[in-house]
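Have a look at the structure below, then the notes.
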Amino acid sequence: MLYDIKLVIRYAYEAPVAGGRHLMRVMPRAICGGQRLIAGSLAIGPRPSDRTDRTDFFGNALTMVAFRDGHLDLAVEMLARVEVAAVEEELDVSPSLPHLRDEIAAALVLTAAAPHHFLGPSPRIPSDAMIADHARAAVAGAETVRIAVERLGQAIHRDFTYDGKATKVDTTPRQAFDLKRGVCQDFSHIMICGLRALGIPAGYVSGFLRTEPPKGRPRLEGADAMHAWVRAWGGQEAGWIAYDPTNRIWAGTDHIVVAHGRDYGDCAPVIGVLRTFGGHETSQSVDVIPVGDPA
Amino acid sequence: MAAGAEQAIPDGAALIAGYRALPGVPDEMVDATGAIRPVWRPFLAALSRMNRAQIDKRFARADQYLRDAGVYYRVYGDATSKDRDWPLSHIPVLIDGAEWRALETGLIQRAELLEAILSDLYGPARLVAEGFLPPGLVAASPEYLRPLVGIKPAGGHHLHFVSFEVGRGPDGGWWVLGDRTQAPSGAGFALENRVATARAFSDIYGEMHVHRLAGFFRAFRDALQHLGELGEGRVAILTPGPLNETYFEHAYIARYLGFVLLQGDDLTVVDGQAMVRTVAGLRPISVLWRRMDAAFADPLELNQDSRIGTPGLVDALRAGRLAMVNALGSGLIETRAFLAFLPALSRRLLGEPLILSSIATWWCGGETERKHVTDHLDRMMIGPALSTRLPFDDTQATVLGASLRASARAAATAWIGKEAGRLVGQEAVTLSTTPAWVNGQLVPRPLSLRVFAARTPQGWTILPGGFARIGRSEDPTAITMQRGGTAADVWVVSDAPVEQTSLLPDVGLGFTRATPVSLPSRAADNLFWLGRYIERAEGLLRILRAYHGRLAETDDPDMPLLAHIRVYLDDLGIDADEPIPQSLVRNVDGAIRSAAQIRDRFSVDGWLALTDLGKVVGQFRARVTEGDDATRAVTVLLRKIAGFAGLVHENMYRFTGWRFLAIGRGIERGLHMSRLLAHLTGPKAPDGALDMMLEIGDSVMTHRRRYSVSTNDLTVLDLLALDALNPRSILYQLDEIRRETALLPLDKSGPPPSGLMREVMRIENGLAIRTPEALTSRRLTRLARDLERLADHFARTYMG
């Protein structure tokens, strides 16, 4: 599938902001054999006094911008054309949970794709006994890692209600778990927390969803803003597999990946440190249009 | 000397008559047969020639030094933390020079090894690929900082200043209990312990060949400056701030070595260059000796919740224009589990066996190791693999296998099996003992030693001495100072005379002066506010004294003058019914808080005078009653504040920092005078207001001498507003503000005189041309407003 993607994020500040410094992860990344960035541009207004573009530890495209002069608003506009490879109906080649432990130990690497980064607690996903219990109950009897991932994803979709007003960007997995409500970020955090408790390396994926569904399919939840889902390591053979608990589906050609990380903190579209008083308002719009598609 | 020492032994024997090493535990002073080790003999001989009173007097001398020097440490309680007097164990730990040299060789090898491991883990990670280190152990560590992977440190090294916690094991050899690679503390305290102990035993210290400590610090200071020459040449110490447990030491080391002490907020990063916000604008910095845990250093790329870091600092490292001592991420190898892998890593990376053993450690992530731990539970301390604390400092998280009841062993084994890689087992150690002075006699107490190593262009150098922690009881877990342990000096004693060094450069070698960093804006802000708070407190005290003095002498508390003053105080939000008002406490606390931020620029005496003032204000507030009692209390406080002001005035180096303090003080004094004059002169002022005004303005005598007429509005206004020779007058303040402002770095917003200077001159000239008749209450109130705006103008120009 070929997509044209447009993301616009705007900030309006109550008071002029000077000396702001931001990290942005908004450009779709390359994934070997899965996703290709054909062209992309990132425009920022006002013009930053300092800007560098590079990739971060996890291989995500990262832009640092700094502003010396005061400004009252900030606009980020990302345009990209991305090709997402069609996923074949996948054969389950993942091992059983006990065998996964051996495969993890045998992976003697610390590269970005190594499972080890995704096994322990991370800054925004501390381990949690309640979430672990929920995960264990959900996957009881699962023969393979892939089945366990799918069952947990389904259970989260079943047990939690999508509610854009219940949680905030800094809601902890446990708070969302107790509320039984939240958005893609919360569901992904809870699922990652549960998978790690089961010994399955799991990480956070930020990205986009196709705005309008193909004919005859329902519109996906979370298509009007940046979305989040989960990836899990299914052993040496199966590698990383990605599941979207918000929509109860395996991530496929409707999912465009921007960033991989341990949790939201590694993938946040904009991290900013401002020297300011007063609050700000944010708006975000996303369009993901298949190229050549009449819709 | 040796002969004399031996003759003295019989007396010495009396001194240590009751001294018995614990069975099976080596002792620093006596050997297995109970004989005194040679290195201790001269010291004990000298000690035994003293009587109890003499010894107490010597110890008191050391304690007095520590109090005078303001040495304290912070104890964390449940809800509050507080500063405590420094717990010095007065008997130094004596170590033979030859033995020390062997220890040094082992520690230097270890420092090289730790550097090589870090360089690999933040680079190609070959040690992981080759199976020498489990990737899961590295990845799980909160000190494995992913944004730093692939960044080559400026200057080429991760480690520049490390310390090792060592202890003597039952076999008599030294063991390393833990490596400190993040931001080791204690070197400054080691220096203070030395100065204090040398005070107590100045004669003995002078006669024995004890290695001096200053050479080590000089070598490291020069090494940091050398490192700085790779860039812009400036070196600073980065501290988390006054709330940190070892802030005293940060300020102390900064003063001792002559480096600027910075907080995260003092720094900003522009185009990959770290800059200090100073009163002269942004100034580049090339070396930061960091006393802050790495994760907090950059809220953008590291811990996003950090409020003490500098956004973009990692970018400056990436650009290679900032050397960090030690590199961010160096804390990775502090964790207990790493000790288990060092022997194999030494052979792999250095091609030689590890000279110094670590305390025996097994990482429970490996099956064989886990089995060994569970099979030998009795001999194990089991704790978190990623903990950076010593097992005996961390008794809450560490399980002592020997203390488990038989019924609990199966549960413990299951727990170890389940937690696996999150745990390590370490052999339960008994540390050697050293003599401590308890109730007039020497008793054996367990000892652990922190030894410091610094990288110089010629290689690693070891501080010949260190920081000894002495247990409170025979139980080795009672070593930590948070739990009542004490600290002692360490004397490395040579057979031959040792080199005498101090931080002063050698005569004849010339000297290089470190490129000074301009005054950081935050320091300027704190000095400015210190001046303002102190002056506010003083102004308020003067009003209170005049008020309560009159209150004590009248039987009519509602007389017009007193009511008039109550209105004035009320306008300032001060309740005149409180003899020592809350507002005074706030101002003194504000002064202490400001001073606490700039301890490195501030004399110890000044600090002690200020904290003493705070203490007494608190005591008075609780018990002083109005009238006569209050008058006397306020007089005491005024004397204390004058003492503080005198110390500052007499001792502070007249540079930029002093100017901000003086300007803050001048503005506040001008404000106080204009407001009071507006209230106490003019047709509405009640009887007695002018005399009171002169009293508050400390100008009663001058007035009597200068004016032949009786006190009236015009003479008072002339003396307290317009007389440029009266240090209490408004014009005097403006004159001083102008003179100090002229010497400040220029405000660049226009051609000189700067906008700020023009403003100072406008206010000053506007006042100077007035006659006393023209100084109406309205004009004085306007003047006060001008001064308030002037303060804001200073803040905007220099402290933004």
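These protein sequence lines are chains A and B, in that order. All residue numbers for the first sequence refer to the numbering used here, where the first residue is 1 and numbers rise by one. All residue numbers for the second sequence refer to the numbering used here, where the first residue is 1001 and numbers rise by one. Idealized CB from N, CA, C, for every residue including glycine. Quick caveat, the model's predicted, so the values are computed rather than measured.
(Q) Considering only the alpha carbon of each residue, which of A:P290, A:P115, A:F57 and A:G261 lies closest to K215 (chain A)? (A) As a working note, residue 215 (chain A) is residue 215 in the first sequence. If we check each option's Cα against that of K215 (chain A), A:P290 comes out closest.
Can you give me, in chain order, the residues of the region 46-58 of chain A that have a beta carbon less than 9 Å from any beta carbon in chain B? S49, D50, T52, R54, D56, F57 and F58
- request: Would you mind stating whether P201 (chain A) and I104 (chain A) have Cβ atoms separated by less than 8 Å?
  value: Here residue 201 (chain A) refers to the residue found at position 201 when the first sequence is read from its first residue. Here residue 104 (chain A) refers to the residue found at position 104 when the first sequence is read from its first residue. Taking 8 Å as the Cβ cut-off, P201 (chain A) and I104 (chain A) qualify as a contacting pair.
- Using a threshold of 8 Å, state whether the C-beta atoms of Y243 (chain A) and A251 (chain A) are closer than that. As a working note, residue 243 (chain A) is residue 243 in the first sequence. As a working note, residue 251 (chain A) is residue 251 in the first sequence. Yes, the Cβ-Cβ distance between Y243 (chain A) and A251 (chain A) is below 8 Å.
Self-check item: alpha helix (DSSP H) runs contained entirely in the region 1182-1243 of chain B, provided each spans 4 or more residues
Solution: 1187-1200, 1202-1207 and 1214-1228
* Mind reading off the beta-carbon distance from I256 (chain A) to F208 (chain A)? Whole number of angstroms is fine, and I expect it under 8 Å. => Taking the first residue of the first sequence as position 1, residue 256 (chain A) is located at position 256. Taking the first residue of the first sequence as position 1, residue 208 (chain A) is located at position 208. Yes, I256 (chain A) and F208 (chain A) are in contact; Cβ-Cβ is about 4 Å, under 8 Å.
DSSP state of Q1396 (chain B), grouped into three classes? Numbered from 1 along the second sequence, position 396 holds the residue referred to as residue 1396 (chain B). Correct three-state label for Q1396 (chain B): coil.
Would you call I1769 (chain B) buried or exposed, if buried means 16 or more other Cβ atoms sit within 10 Å of its Cβ? Position 769 of the second sequence, counted from the start, is the residue given in the question as residue 1769 (chain B). With fewer than 16 Cβ atoms within 10 Å of its Cβ, I1769 (chain B) is classed as exposed.
*In or out: K165 (chain A) buried (at least 16 other Cβ within 10 Å) or exposed?*
Position 165 of the first sequence, counted from the first residue, corresponds to residue 165 (chain A). Under this definition K165 (chain A) is an exposed residue.
Inter-stretch contact (C-beta, 8 Å, three-pair minimum) for the region 141-158 of chain A and the region 105-124 of chain A: no
message: Alpha carbons only, please: which of B:G1646, B:I1036, B:A1111 and B:L1267 is nearest the one belonging to S1521 (chain B)?
response: Residue 1521 (chain B) sits at position 521 when you count from the first residue of the second sequence. Minimum Cα distance to S1521 (chain B) is reached at B:L1267.
*Once you ignore the five residues that flank L1377 (chain B) on each side, which residues in its own chain have a CB closer than 7 Å to its CB?*
Translated into positions along the second sequence, residue 1377 (chain B) becomes position 377. G1401, L1404, R1409 and A1412.
Helix, strand or coil at G1471 (chain B) according to DSSP, with G and I counted as helix: Counting from 1 along the second sequence, the entry for residue 1471 (chain B) is found at position 471. Three-state result, G1471 (chain B): coil.
C-beta neighbour in chain B for I156 (chain A), strict 8 Å: For the purposes of this step, residue 156 (chain A) is taken as the residue at position 156 of the first sequence. With 8 Å as the cut-off, I156 (chain A) does not count as an interface residue toward chain B.
- Query: Quick one: Cα of L1613 (chain B) to Cα of I1641 (chain B), how far?
  - Reply: Here residue 1613 (chain B) is taken as the residue at index 613 of the second sequence, counted from 1. Here residue 1641 (chain B) is taken as the residue at index 641 of the second sequence, counted from 1. Taking the straight line from one Cα to the other gives about 7 Å.
- Report yes if the CB atom of A1428 (chain B) is closer than 8 Å to the CB atom of G1365 (chain B), and no otherwise. Taking the first residue of the second sequence as position 1, residue 1428 (chain B) is located at position 428. Taking the first residue of the second sequence as position 1, residue 1365 (chain B) is located at position 365. In this structure, G1365 (chain B) does not lie closer than 8 Å to A1428 (chain B) by Cβ.
Throw me the rounded Cβ distance for the I1673 (chain B) and R1728 (chain B) pair, which I believe falls under 8 Å. Within the second sequence, the letter at position 673 stands for residue 1673 (chain B). Within the second sequence, the letter at position 728 stands for residue 1728 (chain B). Note that residue 1673 (chain B) is Met in the sequence shown, not Ile. With 8 Å as the limit, M1673 (chain B) and R1728 (chain B) qualify as a contact, their Cβ atoms being about 7 Å apart.
query: When DSSP builds the beta bridges, which residues end up paired with M64 (chain A)?
result: The residue you call residue 64 (chain A) lines up with position 64 of the first sequence. Note: M64 (chain A) sits in a beta bridge opposite A:L23 and A:T52.
Worksheet item: Hey, is M64 (chain A)'s beta-carbon within less than 8 Å of any beta-carbon in chain B?
Response: The residue given as residue 64 (chain A) occupies position 64 in the first sequence. Yes, contact with chain B.
Report task. Give the range of the alpha helix (DSSP H) segment to which R1705 (chain B) is assigned. Result -> Position 705 of the second sequence, counted from the first residue, corresponds to residue 1705 (chain B). It spans V1700 to R1706 - the alpha helix (DSSP H) in which R1705 (chain B) sits, taken as one unbroken run.
| said: I'd like the span of the alpha helix (DSSP H) that includes M1693 (chain B), first residue to last. | reply: The residue you call residue 1693 (chain B) lines up with position 693 of the second sequence. Counting along the chain, the alpha helix (DSSP H) containing M1693 (chain B) begins and ends at A1689 to I1696.
Name, please, each residue of chain B whose Cβ falls closer than 8 Å to the Cβ of I271 (chain A).
Within the first sequence, the letter at position 271 stands for residue 271 (chain A). Ordered by position in chain B, the residues that pass the 8 Å Cβ test against I271 (chain A) are L1300 and Q1304.
Practice item. Taking L1519 (chain B) as part of the alpha helix (DSSP H), name the residues at either end of that continuous run. Key: Taking the second sequence and counting its residues from 1, the one referred to as residue 1519 (chain B) is at position 519. Looking at the DSSP string, L1519 (chain B) is not in any alpha helix (DSSP H), and its letter there is neither H nor E.
Q) Mind pulling the chain B residues with CB within less than 7 Å of R21 (chain A)? A) By one-based count along the first sequence, residue 21 (chain A) stands at place 21. Within chain B, the residues near R21 (chain A) are L1300, P1311 and G1312.
Any heavy atom of the ligand PLP inside 7 Å of the beta-carbon of P1727 (chain B)? No copy of the ligand PLP occurs in the structure displayed, which carries no ligand at all.
Inset, instruction - Please compile the residues from chain A whose C-beta is within a distance smaller than 9 Å of the C-beta of D1271 (chain B). - result: Residue mapping note: residue 1271 (chain B) aligns to position 271 of the second sequence, counting from 1. Those within 9 Å of D1271 (chain B) in chain A are S49, D50 and A66.
How long is the line joining the alpha carbons of T303 (chain A) and L179 (chain A), rounded to whole angstroms? It is not possible to answer for residue 303 (chain A), since the shown part of chain A is limited to 1 through 295.
Could you check whether the Cβ of L119 (chain A) sits closer than 8 Å to any Cβ belonging to chain B?
One-based indexing of the first sequence puts residue 119 (chain A) at position 119. So, interface residue.
From the DSSP output, in three-state form, read off Y1533 (chain B) for me.
Within the second sequence, numbered from 1, the residue matching residue 1533 (chain B) stands at position 533. Helix at Y1533 (chain B).
Of all Cβ atoms in chain A, is any one closer than 8 Å to the Cβ of T1268 (chain B)? As a working note, residue 1268 (chain B) is residue 268 in the second sequence. Cβ-Cβ to chain A under 8 Å: yes for T1268 (chain B).
P173 (chain A) versus W1362 (chain B) - alpha carbon distance
Numbered from 1 along the first sequence, position 173 holds the residue referred to as residue 173 (chain A). Numbered from 1 along the second sequence, position 362 holds the residue referred to as residue 1362 (chain B). In a straight line, the C-alpha of P173 (chain A) is about 34 Å away from that of W1362 (chain B).
### Rounded distance between the beta-carbons of V1716 (chain B) and L1694 (chain B), thought under 8 Å
In the second sequence, residue 1694 (chain B) corresponds to position 694, counting from 1. In the second sequence, residue 1716 (chain B) corresponds to position 716, counting from 1. The pair is a contact, with the Cβ atoms about 6 Å apart (cut-off 8 Å).
Give me the Cα-Cα distance between T1456 (chain B) and M1757 (chain B), rounded to the nearest whole angstrom.
Residue numbering aside, residue 1456 (chain B) sits at position 456 when the second sequence is read from its first letter. Residue numbering aside, residue 1757 (chain B) sits at position 757 when the second sequence is read from its first letter. Cα to Cα, the separation comes out at about 47 Å.
If contact is defined by three or more beta carbon pairs under 8 Å, each pair taking one atom from either stretch, is the region 1662-1672 of chain B in contact with the region 1773-1791 of chain B? yes
So A80 (chain A) and I5 (chain A) are supposed to be a Cβ contact under 8 Å. How far apart are they, rounded? For this step, residue 80 (chain A) is matched to residue 80 along the first sequence. For this step, residue 5 (chain A) is matched to residue 5 along the first sequence. Right, the Cβ-Cβ distance comes to about 5 Å (below 8 Å), so this counts as a contact.
Minimum C-alpha distance to E90 (chain A) - residue among A:W240, A:V288, A:M24 and A:R29
In the first sequence, residue 90 (chain A) corresponds to position 90, counting from 1. Here the closest residue by C-alpha is A:W240.
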